[in-house]
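Going down the list, the sequences are from chains R and D.
Residue 668 in the numbering used here sits at position 566 of the first sequence; the count goes up by one each step and never skips.
Residue 214 in the numbering used here sits at position 147 of the second sequence; the count goes up by one each step and never skips.
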Amino acid sequence: MEGIFGYGAGLSLRIIGCVVALTLSCVASGATSFSPDSLQVTERRDSIAEARITADKYGEEASRSQTGHDRIDDVDFLYGNVVFSSPDLIKAIQNLPGVNSGTELMSGLYVHGGEGSDNLFLLDGVPMYQISHLGGLFSSFNTDVVDHLDFYKSGFPARYGGRLSSVVDVTTEDGDFGKYHGTFMLGLIDGRIRFEGPIVRDRTSFSIAFRRSWMDAVLAPVISLVNRQNQDGETIGGTYAFYDMNASVTHRFSKDNILSLKFYHGSDHLRLDLDTPPSASGSVDGQSVQGAQMDNINTDIRWGNTLASLNWSYRIRDNLRMKSVLYYTGSRADVWYRWIDREFREYGYGVSVDETNRSRTEDIAANADLFWQPHKIHNVRLGTSYQYHIYNVSRWGTADNGIDYEENSSSGHYDGHEFSLYAEDEMRFWDKVSLNLGLRYAMYGVSGKVWNRLEPRLSLSVGCSDNVDFKVSYTEMNQFAHLVSTTYLDIPTNCWLPSTPKVAPMHSRQVSGGIYCSLPHNFRLNVEGWYKTMDNLLEYSGANALFPPLDQWETSFNRGHGRSYGVETEFGWHSSRLSLTAYYTLSWSQRRFDDIWYDWYPHRYDNRHKLTLMGSWKVCRAVDLYASWNYHSGNRMTVPTHIYNPGEVFDRIYTRPNNVRLPDYHRLDLGANFRKVSKRGLEHVWNIGIYNAYCRKNVVFVAVEEREDKSLYGTGRAIFPIIPSFSYTFKF
Amino acid sequence: MRKKHLISVFLCCVAVSACEVEFDLKGLEEDPLFMLDGYVRTDPFYPGSGNLSMYIYAVPSAAGEREFSEEARCTLRVYRNSELVIENDDITVQSFYGLIPGDFTAGPGDEIVVTAGSEGFPTASARTVIPGEAPVPEVSCSMSGKNLNVRFSFVDDAGTEDAYAVCFRTIQNDDVPDDSQIGYSLDLAFGNSPESSFLDVGPFDVSWMDGVRYYGISDDTFNGQRKELEVTVPSFSANGENAWFRVELQRISRERLRYEIACNDKGNNVLGFIGLSPVTFAYTNVSGGSGCFSGASTSYSDWIRIQ
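Dropping the structure here:
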């Protein structure tokens, strides 16, 4: 039997059997307010190696004072949030109301009108900067090791800070202290393996998980075949692979004194080697030269994260617990590019362009948090943190045109010191009223400037009856790090840079409120509205470039404001076998950049309507089915309002930004899991999935073209049609 | 087996056909507009005179009528310090009319306003002030192999926030050319700096063609100070001892520099055209229309023989 004090944690009982392992958990808003009456026990006879018997999750969410909070546990990942038969954490969040997903299959989260870089991703309390593999197709979080995640989009508790729009707090599982377990999964694109167990029984445990894509093994023979059939000398070469690894060691000195070491490393590697038709022609030493030899283009891109943390959890007294974390988090991206003109090289001229772009963001930090319950109505959290930020970006290149040889370089280095202090008190009065009152102070110092910010946090919940709660919240957030990007793409040429004397921190204010109902017969209905403002936003204002300018980045961005408001609803019903959920969001998201347009204009992800329908059905103990249908109004794009001499790119006139709405987005995903449990307790799971089942052509990017009658139309490109997928998982 | 092949072909067809989709663009403006691109320039060889050079483009909207009536006319008016100095009401409304020249009495500090109007168009108007006299550049040059190395400098006026346009000119002449001879402009060779979004602009902010090649630079980094620049003209054909060289320096309104930079950015922004990056909103100082109207004061260095 194990128990951990504090709200948000719970009481759990784990019974290990030879076939069935039962986990009994209940969650209450505070340890002292736990009542056996709130426990809903449902035996799942059809479950396999491990079944989970839980208190009603929805009741737990409704009882907290925070608005805009969702908890997703590992069971949810299996249903409806699967891409290429691989459960995905970010896709699960994208389905939630108030969250726009951006461009298809990008792991973007645009929460309550924010940008993709406005979200704080925490892996066991450690910030993660790069959250996706393969341009957003897969998130960096391996769901095999994820225990649960807490997602906040409003009503942020004071313990969180540093980003404008949302917090994604991911908690991983510790290794099993009693038995060895493992999971092996092989999908169409990636494979995963996890192993956990005791090092010293009941004292020390380990968990290690590894995931790797294996597309490179498939692509190599395909590329070889294509090159062999290509007669004109053009060749294409290259590879792409990603991997990530999670590892942890946890030691219990006692049940109140736990030390754990956690590590994450993830990396992507893309290499391209192309021989293309010669670009050179002209004369060398008076001789006419007609290009005959292929040009060579070589690109090597590597990017990823490394996180390491030492966590210490200690109960000082019955009503006082401490948790401290010492961590390192680093994000890196290296982009190397070379173009060689072999034709001129034959004549003794070195014609080539060589460019390297390197970006590093590193944090070394320490956090300390106290959980104190001075009285049964008070749950106090106090904490402080210090983060030392190191931002290093550099770029150098050479250009040799056969006559001149030039070297160029630029770089930026910043040291940032971020200190924060917070206090929050979750108070509960008369069993009906919950109030979370908090204040966070943040200080950020860079060379030449120190920013001081106070962030009040307030959440109030009033229960009208046993099943109906009203909630309201007010929060302010500041963000001292800016994702400097020249495009909307999630690519490794983007880099993080800090607020400086010329670039003020971004700031947001948000008011949110709603009604949360647990209706009879297992129905639930939540309706929540929000109004949010954002200041000191940045939007790139320069020319076409994949690499952001480094020397003068502060002057290459327009400063502006944002606002977002809307209503989001959740309606659901669940039973032991069937679960149905509908999310709907009606929202507006706008921007105002005075250097671009004199008035408010729609944000590019101003998706007026968003509807998600999800269902899962446990047909029998061996089969479960799931489906989800996602719809949202089209994204917005800026197209020229006036074009003359069409075809000449110089002759486009833009007026109001994001003036055109692209076609609506919708798709249906289907899937099924087939399970078999052997007599020895080994579990086999076969997953079959269909992404975009009716092959909707969802537009990712658009070109504006002219018909013969000179009217204009858009030609959109959809990247992902219907995609069937398959995976096999073996648990032991 | 045949069924398997059919399924494979079907899946491939679905995959390929899913790639492209056409749709109508809704919500675009329907009114056409005028794009003005012009300047008023003073020249030391024509003291007290302002030289107008104006291009007018009638630009149809993306959603409205794309053709203009042959009878449609545009009226261009030019005011100096609120006094009408030029009126031309016989300009055919078409996508490109050609150069509209004009001369009138003007000098540094004068406010010049232009308007262009026609039925069905919003009236386009723009205002500029002719900058103060441009400093005279000091120039030296020498041949280095096939390349011409040029060194020049000038002193900025500390009291104003200016921009400059530089043109490098050459001429073949047996004797020293007259000051009024303009010669031919030269293109320079600069590397493509990774920091620069423009090709071949070297120490300058932008370059543009206006019949001849101009290189623009703001005075942000040398306000009130002397600016020294070294540039190279590659593969310069000196043609004996008859080649002469000089630098034309224009003090220009800052809106001209801002406009030319924006036009370059806009033209290069391929990712913006397809919605993958922010588009470039070209700066304009023309209300009711688009484009740029600016002022300039010109100075020249002496002709120097290239050796």
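Just so it is clear, CB atoms sit at the ideal spot from N, CA and C, and this is done for glycine as well.
**Asked** So is I341 (chain D) buried or exposed if we call it buried at 16+ other beta carbons inside 10 Å?
**Response** Locating residue 341 (chain D) in the second sequence gives position 274, counting from the first residue. It counts as buried.
**Message:** If we define contact as Cβ-Cβ less than 9 Å, is D286 (chain D) a contact residue for chain R?
**Reply:** The residue labelled residue 286 (chain D) in the question sits at position 219 within the second sequence. So, not an interface residue.
**Request:** Taking only beta-carbon positions, decide if Q374 (chain D) is within less than 9 Å of chain R.
**Result:** By 1-based counting over the second sequence, the position of residue 374 (chain D) is 307. Judged by the 9 Å Cβ criterion, Q374 (chain D) is not in contact with chain R.
**Message:** Give me the chain D residues within the contact set of M347 (chain R), using Cβ-Cβ distance strictly less than 8 Å, ordered along the chain.
**Reply:** Position 245 of the first sequence, counted from the first residue, corresponds to residue 347 (chain R). None at all; the shortest Cβ gap to chain D is about 32 Å.
**Prompt:** Per DSSP, what kind of secondary structure is T347 (chain D) in: helix, strand or coil?
**Reply:** In the second sequence, the residue the question calls residue 347 (chain D) occupies position 280. Correct three-state label for T347 (chain D): coil.
**Request:** Would you mind telling me which residues of chain R sit closer than 7 Å to D91 (chain D), beta carbon to beta carbon, in chain order?
**Result:** As a working mapping, residue 91 (chain D) is identified with position 24 in the second sequence. Chain-order list of chain R residues neighbouring D91 (chain D): Y815, by C-beta distance under 7 Å.
**Message:** Would you say H705 (chain R) lies against chain D (beta-carbon separation less than 9 Å)?
**Reply:** Within the first sequence, residue 705 (chain R) is the residue found at index 603, counting from 1. No - not a single Cβ of chain D is within 9 Å of the one on H705 (chain R).
**Prompt:** Under three-state DSSP, which class holds E331 (chain R)?
**Reply:** Walking along the first sequence from the start, residue 331 (chain R) turns up at place 229. It should be noted that the sequence gives Gln, not Glu, for residue 331 (chain R). DSSP places Q331 (chain R) in helix when its eight states are reduced to three.
**Residues from the stretch 314-336 of chain D in contact with chain R, defined by Cβ distance under 8 Å** = Result list: C330, N331, D332, K333, G334, N335, N336.
**Asked** Within the 9 Å Cβ cut-off, does P345 (chain D) reach chain R?
**Response** Position 278 of the second sequence, counted from the start, is the residue given in the question as residue 345 (chain D). Proximity of P345 (chain D) to chain R, defined by a Cβ-Cβ separation below 9 Å, is satisfied.
**Message:** Could you tell me the alpha carbon to alpha carbon distance between E557 (chain R) and R665 (chain R), rounded to whole angstroms?
**Reply:** Sequence index remark: in the first sequence, residue 557 (chain R) carries index 455 (1-based). Sequence index remark: in the first sequence, residue 665 (chain R) carries index 563 (1-based). Their Cα atoms are separated by approximately 18 Å.
**Asked** By the criterion of Cβ-Cβ separation under 8 Å, what are the contact partners of I755 (chain R) in chain D?
**Response** Stepping through the first sequence from its first residue, residue 755 (chain R) is reached at position 653. L100, M102, V126, A349, S357, listed in chain order.
**Integer Cβ distance of P650 (chain R) from D465 (chain R), believed to fall under 8 Å** = As a first step, residue 650 (chain R) is located in the first sequence; it is residue number 548 there, counting from the start. As a first step, residue 465 (chain R) is located in the first sequence; it is residue number 363 there, counting from the start. Actually they do not touch by this definition, with Cβ atoms about 21 Å apart.
**Request:** Can you say whether S131 (chain R) is buried or exposed, counting buried as having 16 or more other CB atoms within 10 angstroms of its CB?
**Result:** As a working mapping, residue 131 (chain R) is identified with position 29 in the first sequence. Legend: pLDDT at S131 (chain R) = 37, less than 50; position of this residue unreliable, value from coordinates given subsequently. Around the beta carbon of S131 (chain R), a 10 Å sphere encloses 16 or more other beta carbons of the protein chains shown; the residue is thus reported as buried.
**Message:** If you reduce the DSSP assignment to three classes, tell me which class I179 (chain D) lands in.
**Reply:** Working through the second sequence from its first residue, we reach residue 179 (chain D) at position 112. In this structure, I179 (chain D) counts as strand in the three-state DSSP scheme.
**Prompt:** Excluding the five sequence neighbours on either side, which residues of its own chain have a C-beta within less than 6 Å of the C-beta of G340 (chain R), listed in chain order?
**Reply:** In the first sequence, residue 340 (chain R) corresponds to position 238, counting from 1. The residues are R373, L374, D375.
**Item:** Reduced DSSP secondary structure (H/G/I, E/B, other) of E228 (chain D)
**Value:** To locate residue 228 (chain D), count along the second sequence from 1; it is residue 161. Of the three classes helix, strand and coil, the one that applies to E228 (chain D) here is coil, per DSSP.
**Asked** I310 (chain R) by DSSP, collapsed to three states: which one?
**Response** If you number the first sequence from 1, residue 310 (chain R) lands on position 208. Strand at I310 (chain R).
**Prompt:** Is it true that the stretch 528-544 of chain R meets the stretch 251-264 of chain R, where meeting means three or more beta-carbon pairs spaced less than 8 Å apart?
**Reply:** Yes, the stretch 528-544 of chain R touches the stretch 251-264 of chain R.
**Request:** Flag I158 (chain D) as yes if its beta-carbon sits less than 9 Å from any beta-carbon of chain R, otherwise no.
**Result:** Sequence index remark: in the second sequence, residue 158 (chain D) carries index 91 (1-based). No, its Cβ sits nowhere closer than 9 Å to a Cβ of chain R.
**Message:** Rounded to whole angstroms, what is the Cα-Cα separation between D653 (chain R) and G547 (chain R)?
**Reply:** Within the first sequence, numbered from 1, the residue matching residue 653 (chain R) stands at position 551. Within the first sequence, numbered from 1, the residue matching residue 547 (chain R) stands at position 445. Each residue's Cα considered, the two are about 20 Å apart.
**Item:** Completely contained beta strand (DSSP E) runs for the stretch 267-317 of chain R, where each covers 3 or more residues
**Value:** Correct list: 268-274, 283-289, 292-302, 306-315.
**Prompt:** So, helix, strand or coil for Y685 (chain R), using DSSP?
**Reply:** In the first sequence, counting from the first residue as 1, residue 685 (chain R) sits at position 583. Strand at Y685 (chain R).
**Asked** What residues in the stretch 628-643 of chain R bring their beta carbon closer than 8 Å to a beta carbon of chain D?
**Response** Per Cβ criterion, the list reads E641, Y642, S643.
**Message:** With DSSP as the reference, identify every bridge partner of H734 (chain R), one or two as the case may be.
**Reply:** Residue 734 (chain R) sits at position 632 when you count from the first residue of the first sequence. Checking the DSSP bridge columns, you'll see H734 (chain R) partnered with R:K712, R:Y767.
**Prompt:** Would D230 (chain D) count as contacting chain R if we go by Cβ distances under 9 Å?
**Reply:** For this step, residue 230 (chain D) is matched to residue 163 along the second sequence. Checking the displayed sequence, the identity of residue 230 (chain D) turns out to be Ala instead of Asp. No, no contact with chain R.
**Prompt:** When the cut-off is 9 Å and only beta carbons count, does L764 (chain R) lie next to chain D?
**Reply:** Taking the first sequence and counting its residues from 1, the one referred to as residue 764 (chain R) is at position 662. Taking Cβ atoms only, chain D reaches closer than 9 Å to L764 (chain R), which makes this a yes.
**Message:** Please tell me whether I192 (chain R) has its Cβ less than 9 Å away from any Cβ of chain D.
**Reply:** Taking the first residue of the first sequence as position 1, residue 192 (chain R) is located at position 90. Look at I192 (chain R): its C-beta is not under 9 Å from any C-beta on chain D.
**Asked** In chain D, which residues lie with their C-beta within 8 Å of the C-beta of N494 (chain R)?
**Response** To locate residue 494 (chain R), count along the first sequence from 1; it is residue 392. Going along chain D, no residue has its Cβ under 8 Å from N494 (chain R), so there is no contact; the nearest lies around 17 Å.
**Prompt:** Between which two residues does the alpha helix (DSSP H) containing Y796 (chain R) stretch?
**Reply:** Taking the first residue of the first sequence as 1, we reach residue 796 (chain R) at position 694. First-last for Y796 (chain R): undefined, no H or E at that position.
**Message:** Tell me the DSSP secondary structure of W699 (chain R) in three-state form.
**Reply:** The residue given as residue 699 (chain R) occupies position 597 in the first sequence. In the structure shown, W699 (chain R) sits in coil (DSSP, three-state: anything other than H, G, I, E or B).
**W532 (chain R), buried or exposed, once every other Cβ within 10 Å from all chains shown has been counted against 16** = On the first sequence, residue 532 (chain R) is found 430 positions in, with the first residue counted as 1. Exposed, since its Cβ has fewer than 16 Cβ neighbours within 10 Å.
**Request:** Grab the span of the beta strand (DSSP E) containing F355 (chain R) for me, first residue to last.
**Result:** Here residue 355 (chain R) is taken as the residue at index 253 of the first sequence, counted from 1. Run containing F355 (chain R): 337-356, per the beta strand (DSSP E) assignment.
**Message:** Among R:N400, R:A467, R:D443, whose alpha-carbon lies nearest the alpha-carbon of Y429 (chain R)?
**Reply:** For the purposes of this step, residue 429 (chain R) is taken as residue 327 along the first sequence, with counting starting at 1. Closest by alpha carbon: R:A467.
**Request:** Check the Cβ-Cβ distances between C234 (chain D) and every residue of chain R, and say whether any is below 9 Å.
**Result:** Along the second sequence, read from residue 1 onward, the residue named residue 234 (chain D) stands at position 167. Not an interface residue.
**Message:** Looking at chain D, is there any beta carbon in it that lies within less than 9 Å of the beta carbon of I821 (chain R)?
**Reply:** Residue 821 (chain R) sits at position 719 when you count from the first residue of the first sequence. Closer than 9 Å: yes.
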